[in-house]
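If you read the sequence shown in this note's numbering, its first letter stands for residue 905, the second for the next number, and so on.
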Amino acid sequence: MTGARAFKALIFAAGSVGGLSGAAYGLLTGQSRRARTIIGLPRDLPLNADGLYFPDGSGPFPPSRGDSLSFAVLGDSLAAGLGAELPDQLPAVRLARGLADELDRPVRLVTHAISGSRTTDLEAQVDRALIDPPDLALVIIGGNDVTTRTSIGMSATLLGRQTTRLANAGATVVVGTCPDLGIIQPIPQPLRTIASRYSLSLARAQRRVLDQLGVRAVSIAALLSPEFHARPHELFSADRFHPNGKGYEFAANVLLAPLCAAMRSVRVASWSGV
């Protein structure tokens, strides 16, 4: 997700669905302007700490192949960790360390995620990832599709196409579906409700496509929203839009189990000759 620079698009999206009166359009326009003022635009690029992580928690070290598990992270600012204060707080770093510990194997982290990305941008990230196909790939995408009025059907279809490319290259893929933008408190009502409705609809469409493809999906909205609703001052960064280090820690704790389960299922399948 990028911030409030695209929230005005939600106004047009709402109008395209049910129509807006002049008064309602004016109300939402004012709310969008207020949200953009409060949230502002990201001033810094996300931190990066790619490299090799070991089961003892050490790293990052310069990447090397060896017996390491290659772990690629693709998507938008949530995948990139925008809002984390320190490299160690990046969700990808926490996950790389957690995977190394749980799987008792070095993990080579490569981050392809770019802040502001939509699903239409995912193809270029997958192109880069497939230069050296990963063993495990995590994709988190969708928030910017909502704020830029990307068609829900097209967004879900493109996600399925790109995860299929990763899987066909031998990667085990896990996708964090679109978060609920309704947890972003600086977005005033009723604009927040519109954002929530669209993001949850997109998440459902993503899951339907992924289920059909046999790709593991994790509902970020269902698993993270209650805590972020209850503890916004603890879990959001200064922009009040992206998580902070503590928020990413909570998110990584939720995502680690599905990632480990995905890799263990691959190991079991290989042992059984499937």
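Every residue gets a Cβ at the ideal spot worked out from N, C-alpha and C, and that includes glycine.
Computed from a prediction, not measured in an experiment: that's the story for all the values here.
Rounded to the nearest angstrom, how far is the Cβ of F1062 from that of L1104, given a contact under 8 Å?
According to the sequence shown, residue 1062 is Leu rather than Phe. Contact annotation, L1062 with L1104: C-beta distance approximately 19 Å; criterion of less than 8 Å not satisfied.
DSSP three-state label for F1140, please.
Look at F1140 here: in three-state DSSP terms it is strand.
Taking C-beta to C-beta, are V1043 and A1166 nearer than 7 Å?
Against a cut-off of 7 Å, the Cβ pair of A1166 and V1043 comes out as no contact.
Where does N1072 land, buried or exposed, given buried means 16+ other C-beta within 10 angstroms?
Around the beta carbon of N1072, fewer than 16 other beta carbons sit within 10 angstroms, so the residue counts as exposed.
Using the Cβ count rule (16 or more neighbours within 10 Å means buried), how would you classify A918?
Model confidence at A918 stands at a pLDDT of 49, short of 50, so the residue's coordinates are unreliable and nothing is read from them.
Can you give me the C-alpha to C-alpha distance between A1156 and A1075, rounded to a whole angstrom?
Approximately 20 Å, taken between the alpha carbons.
Nearest to A878 by alpha carbon, out of G1046, L956 and P991?
Nothing can be reported for residue 878: it is not among the residues displayed for the chain, which extend from 905 to 1178.
Mark L932 as exposed unless 16 or more other C-beta atoms lie within 10 angstroms of its C-beta, in which case mark it buried.
Unreliable placement is indicated for L932, whose pLDDT of 46 sits below 50; the coordinate value is still reported in the next sentence. Its Cβ being crowded by 16 or more others within 10 Å, L932 is buried.
Please tell me whether F1154 and E1138 are closer than 7 Å, where the distance is taken between their beta carbons.
Against a cut-off of 7 Å, the Cβ pair of E1138 and F1154 comes out as no contact.
If you run the structure through DSSP and keep just helix, strand and coil, what is P1010?
In the three-state reduction of the DSSP assignment, P1010 falls in the coil class.
Between Q1029, A1125 and G961, which lies nearest to R1101 when the distance is taken from Cα to Cα?
Among Q1029, A1125 and G961, the Cα nearest to that of R1101 is on A1125.
Are A984 and A1017 closer than 7 Å when you measure CB to CB?
Cβ distance < 7 Å, so A984 and A1017 count as in contact.
DSSP puts I1044 in a beta bridge; with which residues?
DSSP lists G979 and G1080 as partners of I1044.
Taking the beta strand (DSSP E) that G955 belongs to, which residues open and close that run?
First-last of the beta strand (DSSP E) with G955: G955 to Y957.
What do you reckon, are the CB atoms on F965 and A1000 nearer than 7 Å?
Cβ atoms of F965 and A1000: not closer than 7 Å.
With distance defined between alpha-carbon atoms, name the residue in F1145, L1070, G1057 and L994 nearest to R1096.
The shortest C-alpha separation from R1096 is found at F1145.
Quick check on R1135: does DSSP put it in helix, strand or coil?
In the three-state reduction of the DSSP assignment, R1135 falls in the coil class, being assigned neither a helical nor a strand state.
With a threshold of 16 other CB atoms inside 10 Å of the CB of I1035, please say whether the residue is buried or exposed.
Burial call: exposed.
Interface flag, A983 vs chain C, CB-CB below 7 Å:
Reference to chain C is not applicable here, since this structure consists of a single protein chain.
Nearest-angstrom Cα separation, counted from D1005 out to D960
The straight-line gap from Cα to Cα measures roughly 7 Å.
Would you kindly report the start and end of the unbroken beta strand (DSSP E) that includes R1120?
Counting along the chain, the beta strand (DSSP E) containing R1120 begins and ends at R1120 to V1122.
Does DSSP put L994 in a helix, a strand or coil?
Coil.
Helix or strand or just coil, what does DSSP make of F869?
Here the chain comprises residues numbered 905 to 1178, so residue 869 is not present and cannot be evaluated.
What is the rounded straight-line gap between the Cα of L1160 and the Cα of G1002?
Cα-Cα distance, rounded: 7 Å.
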